[in-house]
């Protein structure tokens, strides 16, 4: 009996026949299979369990055994004051410290909130322009990484725990040899870093040992871009992009709005442009040519799905259309040429306000040509400027070497001492095959990192490093400004900072972590130093460098036949460094809504050709790699492209991240030729696409209005027979601007961090039991092969006439005087009536006690202002009632009137687009009241008469219809 | 045919049902009474502490203000207990060799804090904020009783939800001028309700939102 297949033809016909703004949530929902119907109709869908009955009973028995009878009887509580209370710390009041989280060598400036000596939350630093008070999902999750119980806690020698004295002794012996050999044989591999202190220390090291060699090991590095700029401009330069000035943005296989170290400032700039355009100040057009669906493509006005091998032809066509003298003919289809014409016309119509972005993995000549085109368009000084590279190892003429060159040195037997500093080349980077084998011959091999990961397991020595939140270092932000990374807590384990380790190698001295950083900035006076620690940066952004004129580039047009594979960083775990963070594993990936696994992305046509549906096993063959994974159909992906995502298939990630998905090594090119075939396996995938679907309504959930007439027809709301529940005092409401939301997931992670939301695991997510209070619904709109993607964040609506309040038999959910729908956990008996009454499906039930068995260090992260829920109670978004309470109490304590603009919910605070507005709707001057008067304003499921306090602003569209392929 | 049930069977049945009903009702009353009893609320039970600290001596005789030790009560949710150093501000000079204070000196010597036992313990799902109450004019002794007359500390009030609600529904009789919040044995000749209502007006205390569940249970 053959496996059921997807009837693509029928789906296409069905979609073509739909009129109006028909939204669909995924292929299963579209195909209206019986499973999909069950998922959609039930508030608590019970999909086929991923675990069998025997294992389920084992798990239940285990959790019962551990639950115990702790609730009965009084547990005596003790009050333990300090021996000496620091005068600036008041018990019960949080302290905030400015610091930064380095990510791929680029600082994410944050403010860290600490309570009782423990950091519990990170927020963007409002004073730093690269964050402006916001941050992305990775930065929000960094706090969990500090407390990860699988972090390396002690040095190891050949896998067994040892002491730092042993490490010191071993390093001393190596130092003697190195002093004799002047560093010949010493090869140091570093992850991307922009630390001035590390730079200073490596300079000292190289002066002492001139023969030592340095290498980069960063999976999705900017090396190609910097090498290209060195060729084009004579010196390596790093770009700074100002999307707020880019009225026309052209992206060639680039994803500025997607996850990455520059996501926050780029997304802020993009959102600022959209806000300006909505007010009639200029355009906000974006032309995106990409191979796989990304957030930038979802937000684009004109999207083109194209294979990466066609990128040189596309660039050639664009060059010609912009007036460059090109002889070759690009080999493009009519549709592709149309896209190019539209992009070029737009760029010419907005001189000086356009920007062409190209992916950092693109071929060097494509990147060079784009640099020239940007110059010709007058982008310099407006939408783009150049700075000296902030990242270490990119000095003119002396770039650090690559891992391929390290492999050559290893093979030649030239390596006597190998140091892997804060990198994981055996898992993430692209080594030559056999790097593990080659490393066996090295007499001394040391790995320094946060985890005892795959690279550490192959080294003799492993030393644990501090996390950014418990160690001193410094790092540069995307604009070149230098931030001091100050710890928020004493080192949690027996770790050292990277600077202390290098000092140990150079002198065997136990040094003070702070002194290393302070010495780098010794020229800064003490009071300025203290001011820098309070502000969050010590050196302002570097001035722009004038770039000389770029010569025209002869583009190499490769032939391409057959399929190509692209390897991308996973939007939730990047290159695998976050694989052990439960929050990020459970975060639904923006477009596919998958969790806990990676997939092999195929376009609908390619999937039809290969004969697979979602979850079927496929085998993908790349040069030097063969991997087996689950197929996933990505509507909108280019037909010749196989999408592979790095960061999974790990063996030494920790208890959360091991053994998920398939492993793929990143390739140092835009794409490679590959093949794919079905292998008959079946994988169970946990995705949230069909969960919590809204009931059918006449009006679509996401409203889109044209640019020239951005208004929604006023709907007649049925009159209500109920009296209004709220009469005076602040009335809370929220408006989410769908024109600004990119679907980046920062708000979901921030909510999880703020509200102690539990991680439930893949099986439970598949059952529709994920606990995210705020979810981002993703909808496709349009045809199967080239749809638009739309995102809608959905917190609790806090309906004025809430059906859930009517349903609760024990009054555990009640309405407050200020308009909140409150959830009282201690009253809830778990009938789940409220959830079945809620038309928006925002309520989450604790089917199991997901919080009780968390490791003690994970428990330390929890917010003490928010109850940790146990089994059997309902929970949902509370509009961050703890923050409202804290602000109200603060105003009462100071005896002033309650300033409602000081209340900021977690999701609102972190959104880099600032798409969420929250505040007092009874105050006509508040931002949220202004938003409610906007002509684009609408509410979800208005006809039901729930009168939700959470509402939306429609998305503005510049062009009609869907994108081109 | 022989009768299965005797003549008195009905009576027995009715008696049985009555006993059942009385038993259940009585059981319910017992449970409710127990729930409010001092056994359950811990009222008037002295709690054993690492040091026999006497509030009667320090707060009553020496007239040390509550806030000298419970220093965060005006600004924070927690009243907080004094760190060892606060005790040592005096006891490094006076009674510095007393046997009874050995745990205190040990704490300072070994840099290990003292582990006090909670006298008032609210469940984790109730969030109480000291600062807002103190700034509203609720005196310390309203809830904690005459601490300045307790040799060893015990709960003077049941501090169950009913008591909190009684005040939240009608705060006026429980308020005093903010400057007198820590004053022991404070009394006034003015009618408490009249005074309280005047204070509420002066300080814009609006009782209407105080009985929302989410005020304390979030």
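Chains as they are written, first to last, in my numbering: chain A, 99 to 1063; chain B, 130 to 347.
For each residue, glycine too, the CB sits at the ideal point set by N, CA and C.
- Annotation: residue 927 of chain A is outside any alpha helix (DSSP H) and is labelled neither H nor E by DSSP.
- Beyond the five residues adjoining it in sequence on each side, residue 245 of chain B comes within less than 8 Å, by CB distance, of 178, 179 and 210 in the same chain, given in chain order.
- With contacts defined as CB atoms closer than 8 Å, residue 234 of chain A and residue 842 of chain A qualify as a contacting pair.
- In the structure shown, the three-state DSSP call for residue 545 of chain A is strand.
- The way I'd put it, the segment 489-496 of chain A doesn't touch the segment 351-359 of chain A; fewer than three beta-carbon pairs between them come closer than 8 Å.
- Contacts between residue 210 of chain B and chain A, judged by CB atoms closer than 9 Å, involve 177, 178, 179 and 189 in chain order.
- For residue 749 of chain A, no alpha helix (DSSP H) segment is defined, and its DSSP state is neither H nor E.
- The Cβ atoms of residue 434 of chain A and residue 197 of chain A lie no closer than 8 Å to each other.
- Comparing alpha-carbon positions, the option among A:424, A:393, A:370 and A:318 lying closest to residue 674 of chain A turns out to be A:318.
- In summary, residue 218 of chain A is buried, with 16 or more beta-carbon neighbours lying within 10 Å of its beta-carbon over all protein chains present.
- Taking 8 Å as the threshold, the shortest C-beta distance from residue 188 of chain B to chain A does not fall below it.
- Residue 775 of chain A is not a Cβ neighbour of residue 698 of chain A, given a cutoff of 8 Å.
- Beta-bridge partners of residue 571 of chain A (DSSP): A:583.
- For residue 948 of chain A, DSSP records no beta bridge to any residue.
- Residue 323 of chain B and residue 329 of chain B have their alpha carbons spaced roughly 10 Å apart.
- Annotated three-state conformation of residue 847 of chain A is helix, per DSSP.
- Taken residue by residue, none of the segment 436-457 of chain A has a beta-carbon sitting less than 7 Å from a beta-carbon on chain B.
- Residue 786 of chain A is a Cβ neighbour of residue 868 of chain A, given a cutoff of 8 Å.
- Within chain B, the residues 343 and 347 have their CB atoms less than 8 Å from the CB of residue 976 of chain A, given in chain order.
- Ranked by Cα distance from residue 655 of chain A, the first of A:292, A:408, A:937 and A:913 is A:408.
- Residues of chain A with a Cβ closer than 8 Å to the Cβ of residue 205 of chain B are, in chain order, 188, 189, 190 and 191.
- The straight-line gap separating the alpha-carbon atoms of residue 684 of chain A and residue 676 of chain A is approximately 12 Å.
- DSSP places residue 663 of chain A within a strand segment (E or B) once states are collapsed to three.
- According to the DSSP assignment, residue 681 of chain A belongs to the alpha helix (DSSP H) that extends over 680-684.
- In terms of Cβ geometry, residue 568 of chain A and residue 587 of chain A form a close pair [threshold 8 Å].
- If you keep only unbroken beta strand (DSSP E) runs of at least 3 residues inside the segment 769-839 of chain A, you get 773-780, 802-804 and 830-835.
- Taking a C-beta distance under 8 Å as the contact criterion, residue 454 of chain A and residue 350 of chain A qualify as a contact pair.
- The DSSP-derived three-state label of residue 333 of chain B is coil.
- Here residue 911 of chain A has 902, 903, 921 and 932 as same chain residues with Cβ atoms under 6 Å from its own Cβ, once five neighbours each way along the sequence are excluded.
- With contact defined as three or more Cβ pairs closer than 8 Å, the segment 483-492 of chain A and the segment 366-386 of chain A are not in contact.
- Within the segment 322-337 of chain B, 332, 333, 334, 335 and 337 place their CB atoms closer than 9 Å to a CB of chain A, listed in sequence order.
- For residue 123 of chain A, the CB contacts under 8 Å within the same chain, skipping 5 residues up- and downstream, are 787, 788, 791, 875, 876, 877 and 878 in chain order.
- Around residue 940 of chain A, no beta-carbon contact reaches into chain B at under 8 Å, the shortest distance being about 17 Å.
- Straight-line measurement puts the Cα of residue 277 of chain A at about 31 Å from the Cα of residue 251 of chain A.
- According to the DSSP assignment, residue 453 of chain A belongs to the beta strand (DSSP E) that extends over 452-456.
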